[in-house]
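Below is one structure; the comments refer to it alone.
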Amino acid sequence: MYAPERHQQILARARSEGRVDVASLAIELDVTPETVRRDLTALERHGLVRRVHGGAIPVERLGFEPGIADREGVLSGEKERIAKAALDELPDGGAIILDAGTTTVRLAELLPSDRELTVVTHALPVATVLATRQGITLHLVGGTVRGRTLAAVGTWALRDLGDIHADVAFLGTNGISVEHGLTTPDLAEASVKRALVAAARRTVVLADHTKVGRADFVHVAPIGAVDTLITDAGVDAELAEELESAGLRVVRA
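Position one of the sequence shown corresponds to residue 1362 (this note's numbering), numbered consecutively onward.
Below is the structure:
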């Protein structure tokens, strides 16, 4: 088993059980405790777990949300494929909304130059990518900027989004499941995401496989509010089938 495969398995177990310990992981993965400790250190460096004596705890259990810089290098290949697949959901012209997140930033970088698009975003990294792009009419939503995600939130953002009616909203999420719908760690960002969904005819969620089947702190929207989920090939088949049975179109990039 390669290190990235171990990392995914360790993270999945930590999230399902609330914590992991070095000794049991070493036995389960058939590696030395030193290898497990290196794996946990790598996961902590990416902002996904917090090391504790004898093991680690997923950051979600600590009420800690990884910053955008910590998330940029995590599953970068999967995010690239998801962003490329999202290009098929673009309208020929018209308006789209881009949520905050590392995958939506990649989508912004890939937007084609051969069509006119109006883009609405409350995310500073997305706006930075698109500010000078030809063919893009950019509308930056204002508000209080969260340092962790560099996204504008609060009453100003909600007021601005209340006037928008776009063709497609491309949304990020920390968790998506049939039972809990879309979820995220922060109350303020949840309110803005809810407004993004309401401001578009269609909602396309961009989420790697680690988000599927998870539920985070704050509810954003029910699964029925989402038209399409674009995830990667690592998604659990049963979880994907559950979402499809609930009426969601699931694209595996």
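The C-beta atom is built at its ideal place from N, Cα and C for all residues, glycine as well.
Below-8 angstroms beta-carbon distance, residue i vs any chain D residue
i: LEU1522; result: No chain D appears in this structure, which consists of one protein chain only.
Residue i - DSSP class collapsed to helix/strand/coil
i: ALA1488; result: helix
i: ALA1582; result: strand
i: VAL1410; result: strand
i: LEU1401; result: helix
i: ALA1384; result: helix
i: LEU1472; result: coil
i: VAL1596; result: coil
i: LEU1590; result: strand
i: ARG1575; result: coil
i: LEU1451; result: coil
i: LEU1461; result: Reading off the sequence shown, one finds Ala at residue 1461, where the question assumed Leu. The answer is coil: DSSP assigns ALA1461 none of H, G, I, E or B.
i: ALA1560; result: coil
i: GLU1366; result: helix
i: PHE1425; result: Because the pLDDT at PHE1425 is just 48, under 50, the model does not fix this residue reliably, and the value given afterwards should be weighed accordingly. The answer is coil: DSSP assigns PHE1425 none of H, G, I, E or B.
i: GLU1433; result: In this prediction, GLU1433 has a pLDDT of 49, which is less than 50 and means its spatial position is unreliable; what the coordinates show is noted afterwards. Coil.
Beta-bridge partners of residue i, as assigned by DSSP
i: PRO1394; result: Answer is none; PRO1394 lacks a bridge partner.
i: HIS1570; result: Answer is none; HIS1570 lacks a bridge partner.
i: ILE1371; result: DSSP lists no partner for ILE1371.
i: GLY1416; result: ASP1382, VAL1413
i: ARG1610; result: THR1589
i: VAL1480; result: ILE1457, LEU1499
i: VAL1565; result: PHE1531, THR1589
Inter-residue CB distance, residue i and residue j (contact presumed, cutoff 8 angstroms)
i: VAL1381; j: PRO1394; result: 12 angstroms between Cβ atoms; not a contact.
i: ARG1562; j: ASP1528; result: 6 angstroms
i: ARG1509; j: GLY1536; result: Their Cβ separation, rounded to whole angstroms, is 17 angstroms, which puts ARG1509 and GLY1536 out of contact at 8 angstroms.
i: GLU1550; j: VAL1514; result: 6 angstroms
i: THR1479; j: ALA1456; result: 4 angstroms
i: ASP1400; j: HIS1368; result: 6 angstroms
i: VAL1420; j: ARG1411; result: 6 angstroms
i: LEU1600; j: VAL1573; result: 5 angstroms
i: GLU1441; j: ARG1467; result: 6 angstroms
i: GLY1523; j: ALA1556; result: 7 angstroms
i: VAL1539; j: GLU1603; result: 5 angstroms
i: LEU1598; j: VAL1558; result: The sequence given here has Ala at residue 1598, not Leu. Not confirmed; about 27 angstroms, so no contact.
Residue i beta carbon near the ligand MN (any heavy atom closer than 7 angstroms)
i: ALA1551; result: The model depicted lacks the ligand MN and carries no ligand whatsoever.
*At which residue ranges does the stretch 1482-1543 contain complete beta strand (DSSP E) runs of 3 or more residues, listed in the order of the chain?*
1497-1501, 1505-1507, 1512-1514, 1527-1533, 1536-1538
*Examine the Cβ distances between the stretch 1439-1449 and the stretch 1552-1571 and report whether three or more of them are shorter than 8 angstroms.*
Touching, per the Cβ criterion.
_Is it the case that the stretch 1524-1537 contacts the stretch 1486-1494, given that we only count it when at least three CB pairs across the two stretches are under 8 angstroms?_
no
_Any contact between the stretch 1448-1467 and the stretch 1592-1602? By contact I mean 3 or more CB pairs, one from each, below 8 angstroms._
no
*Report yes or no: do three or more beta-carbon pairs, one from the stretch 1479-1491 and one from the stretch 1457-1470, lie closer than 8 angstroms?*
Taking 8 angstroms as the limit for Cβ pairs, the verdict is that the stretch 1457-1470 does touch the stretch 1479-1491.
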